[in-house]
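First comes the structure, then the notes that go with it.
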Amino acid sequence: MKLKKLAQLIALIGVAGSAVAQEVRQDAPIARVEVTGSSIKRVAKEGALPVQVITADTLQKQGITSAEQLMATISANGTGTDNPTSGNNVFGADADRVSGGASFASFRGLGPNATLVLINGRRAPTHGKSGKAVDLNSIPMAAIARIEILKDGASAIYGTDAIGGVMNIILRSDYQGAEVSAYTNVTEEGGGNIHRGSLIAGTGDLEADGFNVMTTLSFTKNEKLSSKQRDFANGFQPWRGLSPDTTGTPYANQLTGAGTALGTGFKRPGDPNTYLQANPLSFDGKCDTVEGMSQYQTALWKDVTSPLRSTYSCAYDYGGDYIMQSPSEQANLLLRGTYKLAPDHTMFVEAIGSRSEVISILTPAQISTSLANKNAYPVGGQYYQDLSAYIPTYNPTLPIIYKWRANPLGNRTQENTTKSGRLLVGFEGMIRDWDYKLGLSKAQSTTHMDLLDGYAYTDAFYKVLGSGIVNPWSLDGSQTQAAMDAIEATKYYGAFQTGKTTMTQVDGTISGELFDLPAGKLAMAAGFDFRRESYMYSQDVAAEPILLSPGNDNLPKATRNVKALFAEFIVPVTKDLELQLAVRRDDYSVIGATTNPKVAFRYQPTSWLLLRGSANKGFLAPSFTQLYTGLLRQELASGVTDTVGCAAHPGDPRFCAPERFDYVSGGNEGLKPETSKQGTLGIVVEPFKGFSASLDW
789 MKLKKLAQLI
799 ALIGVAGSAV
809 AQEVRQDAPI
819 ARVEVTGSSI
829 KRVAKEGALP
839 VQVITADTLQ
849 KQGITSAEQL
859 MATISANGTG
869 TDNPTSGNNV
879 FGADADRVSG
889 GASFASFRGL
899 GPNATLVLIN
909 GRRAPTHGKS
919 GKAVDLNSIP
929 MAAIARIEIL
939 KDGASAIYGT
949 DAIGGVMNII
959 LRSDYQGAEV
969 SAYTNVTEEG
979 GGNIHRGSLI
989 AGTGDLEADG
999 FNVMTTLSFT
1009 KNEKLSSKQR
1019 DFANGFQPWR
1029 GLSPDTTGTP
1039 YANQLTGAGT
1049 ALGTGFKRPG
1059 DPNTYLQANP
1069 LSFDGKCDTV
1079 EGMSQYQTAL
1089 WKDVTSPLRS
1099 TYSCAYDYGG
1109 DYIMQSPSEQ
1119 ANLLLRGTYK
1129 LAPDHTMFVE
1139 AIGSRSEVIS
1149 ILTPAQISTS
1159 LANKNAYPVG
1169 GQYYQDLSAY
1179 IPTYNPTLPI
1189 IYKWRANPLG
1199 NRTQENTTKS
1209 GRLLVGFEGM
1219 IRDWDYKLGL
1229 SKAQSTTHMD
1239 LLDGYAYTDA
1249 FYKVLGSGIV
1259 NPWSLDGSQT
1269 QAAMDAIEAT
1279 KYYGAFQTGK
1289 TTMTQVDGTI
1299 SGELFDLPAG
1309 KLAMAAGFDF
1319 RRESYMYSQD
1329 VAAEPILLSP
1339 GNDNLPKATR
1349 NVKALFAEFI
1359 VPVTKDLELQ
1369 LAVRRDDYSV
1379 IGATTNPKVA
1389 FRYQPTSWLL
1399 LRGSANKGFL
1409 APSFTQLYTG
1419 LLRQELASGV
1429 TDTVGCAAHP
1439 GDPRFCAPER
1449 FDYVSGGNEG
1459 LKPETSKQGT
1469 LGIVVEPFKG
1479 FSASLDW
């Protein structure tokens, strides 16, 4: 998406105060920093770990104003159900609750729960609905100083979730002056505009005054962008033989089945094959007379859907109903106060709060009727579609079952509102030559989902379909007022799901230099991390029988305690070679204990060449939903062919046609952590000052 910056209304009030704070004294001591992937403070330099740093200045220059835009710039980030657009498709078991209007990091395509997101080096609350990954919308973008991306496993340092990598968001901690900014990003082709405003203000010089108090406040509004507004998103080009794999059409395709008008299959004159779906528009070559429909491209999808099912079917451009950017609003607040207790000791209190509201707009429901569900089209109904002219064996004295895109129900529309917060009290400083930090935090995230349109009570809606008042074969998609009134009476509006996560954490680290070795000083860090985590999920009882949203059993509050100890060493082997050794042991009250080591090396034979690598073990603790979600019966999203039966009965649709089977999913309290073995190798070259290039595997 190409963006134009329309206006920067107010900016950089009180620049002088900020500029003075940035001046560096020539005689000042070289600062030591803690880099993501290590707990040891040291002089900043290219290290043994592949860490990418994205500064606030870079974010501004690239026009990045949202979490989704940020993740699109990170090559390590995978794709999938990790943003408000793609992550809200259906309800159901654990995997289907991944997003709920959130944006997630998903490094190396391992999923959001395998990427650890930190704020200032500490854990943040997981999303209230998913219960297992941090919603990036809860991060105050205006307060970001830099983002560090570790493209390596780090369970030996941080514990669970750090298999795919670590995203450490460093917020501003010491600011003087005031700055107000407002932006509007306008797309060249219309739709998807983004509006953003922010305030940052602070007072007090920590060195001179002994304190600093600062705040940031930001608002973001994203406008809707539909796939129909972008040519590159158009996967519906039937003139090129390109169309979606779906026979759920607004002008319904008739299905076969025992006791129905089509029977268990039908033949065409002169054709020995037995077919399983029929549409008069397909027989006449007129599927494209209905907006968004075309002839099903059998040759294109023959390996997915049997030609026996699709040859005489129409297809539908359901992709045209997709939303590329969901309409959303976010508000974020950061309050931080830092007080200098003594020359080498500081205390700070930090509060982060956010509110995110995302409207998820999905395709209308796709329905396959059946005799068992009592929603087949009845004999004698005013819209009964007799196909005797096309199919000699057609029996108009029996009901019709069909596959239909229920456009009269409307697009399925959800409103996800998430409120997140973290209160942290911390102490940092030095005792002699040893750095220490200690923190106590309480974090919480709550997500509410309301259904705004497109959902109906299953039994009531099926009863309306079975009455014959609704016309599933309307060429222009229109229905009588009586039919629309009957459909409206079956719809559900209002509260549907609520999820809540909480985390209480106390952690501490001490680091410094132990003693001298021939090649340098041996540095070490040691620390502890104690957490109490809980999760609760509830679903409105009245909403459970809603069409296409069978839902999960309510999950009463589940709690677990985590105790972890860790240690790390930086060992200088020679002048040019150093090793990083780390180990961490995590003990969960529910799933037991796990120990994970790591070894990394940094070898710099010349001033312009650096070689690095690592080997480590990692783990991913099962989420609360994976442990405790109730059992749920669902249908496979795509058909499965009986390869053995089809080989024995070639051409027989009873064996060769893909079928969608039911399956049962849910939690398992006996789950143990997922484990991983990882390694990296990399090279960094800096042929001249101001330029460097790296390659990491």
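Residue numbers (our numbering): 789 to 1485. Where is the CB? At the ideal position from N, CA and C, for every residue including glycine.
Assigned secondary structure, residue i (DSSP; H/G/I helix, E/B strand, else coil)
{"i": "I945", "result": "helix"}
{"i": "N1404", "result": "strand"}
{"i": "T1077", "result": "helix"}
{"i": "F1412", "result": "helix"}
{"i": "F1393", "result": "Looking at the sequence provided, one finds Pro at residue 1393 rather than Phe. In this structure, P1393 counts as strand in the three-state DSSP scheme."}
{"i": "R1097", "result": "helix"}
{"i": "I1275", "result": "helix"}
{"i": "S1114", "result": "coil"}
{"i": "W1192", "result": "strand"}
{"i": "P1038", "result": "coil"}
{"i": "S1070", "result": "helix"}
{"i": "V1371", "result": "strand"}
{"i": "G1470", "result": "strand"}
Enclosing beta strand (DSSP E) for residue i [first to last residue]
{"i": "W1222", "result": "1222-1241"}
{"i": "I1219", "result": "1201-1219"}
{"i": "Q1327", "result": "1308-1327"}
{"i": "T843", "result": "839-843"}
{"i": "V1452", "result": "1450-1453"}
{"i": "V922", "result": "Where V922 is concerned, there is no enclosing beta strand (DSSP E), given that its DSSP letter is neither H nor E."}
{"i": "G1296", "result": "1282-1305"}
{"i": "L959", "result": "953-959"}
Residue environment, residue i, which counts as buried when at least 16 other CB atoms sit within 10 Å
{"i": "R1097", "result": "buried"}
{"i": "E967", "result": "buried"}
{"i": "H1236", "result": "buried"}
{"i": "R911", "result": "buried"}
{"i": "K849", "result": "exposed"}
{"i": "D1091", "result": "exposed"}
{"i": "M1218", "result": "exposed"}
{"i": "E1276", "result": "exposed"}
{"i": "T869", "result": "Below a pLDDT of 50, predicted positions are generally treated as unreliable, and T869, at 45, falls in that range; no measurement from the model is reported."}
{"i": "E811", "result": "Its pLDDT being 35, under 50, E811 is placed unreliably by the model, and the measurement read from it follows with that caveat. Exposed."}
{"i": "L1050", "result": "buried"}
{"i": "E1356", "result": "buried"}
{"i": "S1233", "result": "buried"}
{"i": "T1297", "result": "buried"}
{"i": "S826", "result": "buried"}
{"i": "N1456", "result": "exposed"}
{"i": "L1305", "result": "exposed"}
{"i": "A883", "result": "Because A883 carries a pLDDT of 37, less than 50, the predicted location of this residue cannot be relied on, and the following value inherits that uncertainty. By the neighbour-count rule (16 or more Cβ atoms within 10 Å), A883 is not buried but exposed."}
Inter-residue CB distance, residue i and residue j (contact presumed, cutoff 8 Å)
{"i": "K1128", "j": "G998", "result": "4 Å"}
{"i": "A944", "j": "K1386", "result": "4 Å"}
{"i": "D1364", "j": "P838", "result": "No, D1364 and P838 are not in contact; Cβ-Cβ is about 19 Å, not under 8 Å."}
{"i": "K735", "j": "E1321", "result": "No information on residue 735 is available, as it lies outside the stretch 789 to 1485 that the chain covers here."}
{"i": "T1413", "j": "G919", "result": "5 Å"}
{"i": "G1209", "j": "G1141", "result": "4 Å"}
For residue i, the nearest candidate out of the options (CA to CA)
{"i": "Y1245", "options": "G1214, K829, Y1280, G1265", "result": "Y1280"}
{"i": "S1116", "options": "K920, F1007, D1364", "result": "F1007"}
{"i": "L1186", "options": "A1164, P1196, A1403", "result": "A1164"}
{"i": "D949", "options": "G1209, L938, L959", "result": "L938"}
{"i": "Y1190", "options": "Y1110, K1162, S1480, L1335", "result": "K1162"}
{"i": "W1261", "options": "Q1042, I1111, K1460", "result": "Q1042"}
{"i": "A1066", "options": "L1263, D1076, P1060, K1055", "result": "K1055"}
{"i": "G985", "options": "N1010, P1333, L1228, G1287", "result": "N1010"}
{"i": "T1201", "options": "G1242, S1014, K1012", "result": "G1242"}
{"i": "A1194", "options": "Y1039, T1052, C1444", "result": "Y1039"}
{"i": "L1397", "options": "F1479, Y1250, T1286, T861", "result": "F1479"}
{"i": "R1442", "options": "N973, S1094, Q1085, S1014", "result": "S1094"}
Residue interval of the alpha helix (DSSP H) (run including residue i)
{"i": "A931", "result": "Segment: none, A931 is in no alpha helix (DSSP H) and carries neither H nor E."}
{"i": "Q1025", "result": "Segment: none, Q1025 is in no alpha helix (DSSP H) and carries neither H nor E."}
{"i": "E856", "result": "855-860"}
{"i": "S1266", "result": "Premise fails: S1266 is in no alpha helix (DSSP H) and is neither H nor E."}
{"i": "S1144", "result": "First-last for S1144: 1133-1149, but that is the beta strand (DSSP E), not the alpha helix (DSSP H)."}
{"i": "P1344", "result": "From DSSP, P1344 is part of no alpha helix (DSSP H) but of the beta strand (DSSP E) over 1343-1360."}
{"i": "A1248", "result": "1246-1255"}
{"i": "V1001", "result": "Segment 999-1010 is the beta strand (DSSP E) holding V1001; no alpha helix (DSSP H) there."}
{"i": "G985", "result": "Element bounds for G985: not the alpha helix (DSSP H) but the beta strand (DSSP E), 982-991."}
Short CB-CB distance (under 8 Å) between residue i and chain B
{"i": "T1052", "result": "Of the chains in the structure shown, none is chain B; there is only one protein chain."}
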